[in-house]
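Read the structure below first, then the notes.
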Amino acid sequence: MVKETLKARVIIDKDYIISDIDKRVYGSFIEHLGRAVYGGIYEPGHESAEENGFRQDVIELVKELQVPIIRYPGGNMVSAYNWEDGVGPKENRPKRLELAWRVTETNEVGTNEFMDWANLVNADVMMAINLGTRGIDAARNFIEYCNHPGGTYWSELRKEHGYASPHQIKTWCLGNEMDGPWQIGHKTADEYGRIAAETAKALRLVDPSIELVSCGSSNAEMPTFPEWEATTLDHTYEHVDYISLHQYYGNRTNDTANYLASTLDMDNFIKTVVSTCDYIKAKKRSKKQINLSFDEWNVWFHSNEQDKQIEPWTVAPPQLEDIYTLEDALLVGSMLNTMLKHSDRVKIACMAQLVNVIAPIMTETGGAVWKQTIFYPYYYTSVYGRGKALNPIISSPKYDSEDYTDVPYLDTSVVYNEEKEELVVFAVNRHLEEKLQFDIDIRSFADFEIVEHIVLENEDVKAANRIGDEQVKPHSNGQSHKESDKIIGTFSKLSWNMIRLQKRQ
Ligand code: AHR
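With numbering that gives the first Met the number 0, you'll find the sequence shown wraps up at 504, consecutive numbering, no jumps.
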């Protein structure tokens, strides 16, 4: 019997606009956790360290990713963090038991140092405040320290610490994962809603120009999801701008087809949060729209077992150091596609995290820096995925997996950059064995030509990168060509692709 070739059809049109893409969907996250800060971005004594101890080799890779915003300082860690410990002369800073990850925090790096580093990588900072062990008072002092120009106790203290100009931090997270029983100072939805609303009011009184993110559920499997969103927003709706979403996936059962379908779950998660926000909007007869901040997302499972061996109270031990494979990179590419398909409501998203901890960038303490497989879809989507997200009409063969039905083999998102006159198609072929033939009708872009077709693939779906050994890296020999107003070609099995077109000059 002759095997039939798998075929997919896509229609792209300039008029099928989802939304302008907020560049902050390419944000990331640095937590005081494992070797993210100490031994990651900061390593005085390293041969590439600049005057303040930040590794230049890491700075260069972060800049390559063009990360527009970075969430800091946690994560779980923030729920017992005293921001005052991390400012002022370093020799006076206390060493503390860091309870979330049960390590010792030296506080050598704190708010001012991190703001300096963020400047070096051209990123804004999304600052999280502690609503676990602390509340309104510490939060209002903290924002006065960071954002108030001067003439008051906390703003003058910042000046004494060497920072004459305010940091002007615009985006603030009201705590972290407060629905999770593991969180220090975990709260019920009503408890959190009340403290978040009152803290939001105080923060805005200090600086009315800020934007605020209310904590959503820690993941879509939380038993309190989506009631948590409804109840907390009932309290916070008029005081905040975004609600957070967090989600990590892992191929725990070694079922690649099912794993690569996880973005159907992510899509559903986003839709449910949007509906819940809009339900509260209707309930309150409000004119305001709450948008989504997907401020933790990635693959996280490889390191779970080894992390059980960590010696408590050590300083910056390796934690959450997942080594990523090709299949993880394909899923990360699909997660980015999912974010773009919801760019009308997802305005901020943070790949968690950025360096060493479930990260695209890895370092060897005292040694080199290297790129994980997931670096590549993140890099290309961040650099070329700017402009307007278009809604592609897709017809693709489908499959069923353990947890999902009707999973399209082809997963794609499309971006039109009017300024650069560029059209970019990001595509994942989820098929384990077959290439996928495609024809993409680009009707209103008929005068655009293919500039490059980048592919990430490997015969071995479990191939991973290691220091000095990059098994999974992109090539530019993608199979596609233009035929009048169509792009015709093939996506190899288990591949991530970017086809970039530019208007003919
Ligand atoms: O990113 C790792 C951890 O995942 C964060 O600290 C926490 O917010 C989430 O559970």
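Using N, Cα and C, we set each Cβ at its ideal position, and we do this for glycine too.
Since the structure is predicted, the reported quantities are computational estimates derived from the model, not experimental observations.
For leucine 263 and serine 292, what's the separation of their Cα atoms in angstroms?
Within the sequence shown, residue 263 is the residue found at index 264, counting from 1. Within the sequence shown, residue 292 is the residue found at index 293, counting from 1. Approximately 18 Å between the Cα atoms of the pair.
In three-state terms, what does DSSP make of arginine 8?
Position 9 of the sequence shown holds residue 8. Note: arginine 8 maps to strand in three-state DSSP.
Taking all protein chains shown into account, decide if valine 57 is buried (16 or more other Cβ within 10 angstroms of its Cβ) or exposed.
For the purposes of this step, residue 57 is taken as the residue at position 58 of the sequence shown. Classification of valine 57: buried, given that the 10 Å Cβ count is 16 or more.
Pairs of beta-carbons, one from the stretch 398-405 and one from the stretch 356-369, closer than 8 Å: are there three or more?
No, they do not touch.
Between histidine 341 and the rest of its own chain, which residues show a CB-CB distance below 7 Å, the 5 nearest in sequence each way excluded?
Counting from one through the sequence shown, the residue named residue 341 turns up at place 342. Here the set comprises Ile269.
Tell me whether glutamine 504 sits in a helix, a strand or coil according to DSSP, three-state version.
The count along the sequence shown starts at 1 and reaches residue 504 at position 505. Three-state result, glutamine 504: coil.
Given this structure, state the Cα-to-Cα distance separating glycine 87 from histidine 160, to the nearest angstrom.
Here the question's residue 87 lines up with position 88 in the sequence shown. Here the question's residue 160 lines up with position 161 in the sequence shown. Taking the straight line from one Cα to the other gives about 5 Å.
Roughly how many angstroms lie between the CA atoms of isoleucine 487 and asparagine 457, to the nearest whole one?
The residue you call residue 487 lines up with position 488 of the sequence shown. The residue you call residue 457 lines up with position 458 of the sequence shown. Answer to the nearest angstrom: the Cα atoms are 22 Å apart.
If distances are taken between C-alpha atoms only, which option among Ile322, Leu409 and Val124 comes closest to glutamate 304?
If you number the sequence shown from 1, residue 304 lands on position 305. For glutamate 304, the nearest C-alpha among the options comes from Ile322.
Please list the terminal residues of the continuous alpha helix (DSSP H) segment that includes arginine 157.
Here residue 157 corresponds to residue number 158 of the sequence shown, with the count starting at 1. Arginine 157 -> alpha helix (DSSP H) spans 152-159.
Specify, as a first and last residue, the run of the beta strand (DSSP E) that aspartate 438 falls within.
One-based indexing of the sequence shown puts residue 438 at position 439. 435-440 is the span of the beta strand (DSSP E), which, as asked, contains aspartate 438.
Between the beta-carbon of methionine 103 and the beta-carbon of tryptophan 299, is there less than 8 Å?
Along the sequence shown, read from residue 1 onward, the residue named residue 103 stands at position 104. Along the sequence shown, read from residue 1 onward, the residue named residue 299 stands at position 300. Reading off the sequence, residue 103 comes out as threonine, not methionine. Result no, Cβ atoms of threonine 103 and tryptophan 299 do not sit closer than 8 Å.
List the endpoints of the continuous alpha helix (DSSP H) containing tyrosine 377.
In the sequence shown, the residue the question calls residue 377 occupies position 378. Element bounds for tyrosine 377: 374-383.
I'd like the list of long-range same chain contacts for serine 412, defined as Cβ closer than 7 Å, with 5 residues on each side in sequence excluded.
Residue mapping note: residue 412 aligns to position 413 of the sequence shown, counting from 1. Asn336, Leu339, Lys340, Ala388 and Phe425.
Taking only runs of the beta strand (DSSP E) that begin and end inside the stretch 415-470, which ones reach a length of at least 3 residues, in chain order?
421-428, 435-440 and 447-455
Relative to ligand 1, is the shortest distance from any of its heavy atoms to the C-beta of serine 302 smaller than 7 Å?
Taking the sequence shown and counting its residues from 1, the one referred to as residue 302 is at position 303. Incorrect: serine 302 has no Cβ contact closer than 7 Å to ligand 1.
Excluding the 5 residues flanking isoleucine 449 on each side, which residues of the same chain have their C-beta closer than 8 Å to its C-beta?
As a first step, residue 449 must be located in the sequence shown, where it is residue number 450. Excluding sequence neighbours, isoleucine 449 sits near Ser479, His480, Lys481, Ile486, Ile498, Arg499 and Leu500.
Which class does lysine 13 belong to by DSSP, given the choice of helix, strand or coil?
Numbered from 1 along the sequence shown, position 14 holds the residue referred to as residue 13. Reduced to three states, the DSSP call for lysine 13 is coil.
Could you check if tyrosine 152 is buried or exposed, using at least 16 other CB atoms within 10 Å of its CB as the buried criterion?
To locate residue 152, count along the sequence shown from 1; it is residue 153. Per the 10 Å Cβ criterion, exposed.
What alpha helix (DSSP H) runs, 4 residues minimum, are completely inside the stretch 289-337?
none
Where arginine 133 and glutamate 143 are concerned, what is the direct C-alpha to C-alpha distance, given to the nearest angstrom?
Taking the first residue of the sequence shown as 1, we reach residue 133 at position 134. Taking the first residue of the sequence shown as 1, we reach residue 143 at position 144. Straight-line Cα distance between these residues: approximately 16 Å.
Quick one: what's got a C-beta closer than 6 Å to cysteine 172's C-beta in the same chain, skipping five residues either side?
On the sequence shown, residue 172 is found 173 positions in, with the first residue counted as 1. Ala127 and Val212.
Decide if glycine 149 is buried, meaning its Cβ has at least 16 other Cβ atoms within 10 Å, or exposed.
Indexing the sequence shown from 1 puts residue 149 at position 150. Glycine 149 should be labelled exposed.
Are there three or more Cβ pairs, one per stretch, closer than 8 Å when the stretch 58-77 is compared with the stretch 18-28?
With the cut-off at 8 Å, the stretch 58-77 and the stretch 18-28 touch.
Suppose the cutoff is 8 Å on Cβ atoms and the five residues either side in sequence are ignored; what does the same chain contact list for arginine 503 look like?
Counting from 1 along the sequence shown, the entry for residue 503 is found at position 504. Same-chain partners within the cutoff: Asp446, Phe447 and Glu448.
Quick one: does threonine 187 have its CB under 8 Å from some CB of chain B?
Checking the listed chains, one finds no chain B in this structure; it contains a single protein chain.
Got a sec: does ligand 1 put a non-hydrogen atom nearer than 7 Å to the Cβ of glycine 74?
Residue 74 sits at position 75 when you count from the first residue of the sequence shown. Glycine 74 Cβ: within cutoff of ligand 1.
Does the stretch 238-252 come within contact of the stretch 278-294, defined as at least 3 CB pairs closer than 8 Å?
yes
Hey, out of Lys397, Ile242, Tyr241 and Ala229, whose CA is closest to asparagine 257's CA?
For the purposes of this step, residue 257 is identified with residue 258 of the sequence shown, where counting begins at 1. Ranking the options by Cα distance to asparagine 257, first place goes to Lys397.
Helix, strand or coil for methionine 221 per DSSP?
Position 222 of the sequence shown holds residue 221. Methionine 221: coil per DSSP, three-state reduction.
How long is the line joining the alpha carbons of glutamate 320 and alanine 48, rounded to whole angstroms?
The count along the sequence shown starts at 1 and reaches residue 320 at position 321. The count along the sequence shown starts at 1 and reaches residue 48 at position 49. The straight-line gap from Cα to Cα measures roughly 22 Å.
In three-state terms, what does DSSP make of isoleucine 279?
In the sequence shown, counting from the first residue as 1, residue 279 sits at position 280. In this structure, isoleucine 279 counts as helix in the three-state DSSP scheme.
Could you pull the start and end residues of the beta strand (DSSP E) that histidine 245 belongs to?
Working through the sequence shown from its first residue, we reach residue 245 at position 246. Its beta strand (DSSP E) spans residues 241-248.
Considering only heavy atoms of ligand 1, does any lie closer than 7 Å to the CB of asparagine 129?
As a working mapping, residue 129 is identified with position 130 in the sequence shown. No, ligand 1 has no heavy atom inside 7 Å of this Cβ.
Taking just the CA atoms, how far does glutamine 288 sit from arginine 344?
Counting from one through the sequence shown, the residue named residue 344 turns up at place 345. Counting from one through the sequence shown, the residue named residue 288 turns up at place 289. Cα-Cα distance, rounded: 9 Å.
Quick one: does the C-beta of leucine 32 sit closer than 7 Å to a heavy atom of ligand 1?
Start at 1 with the first residue of the sequence shown, and residue 32 comes out as number 33. Yes, Cβ of leucine 32 sits closer than 7 Å to a heavy atom of ligand 1.
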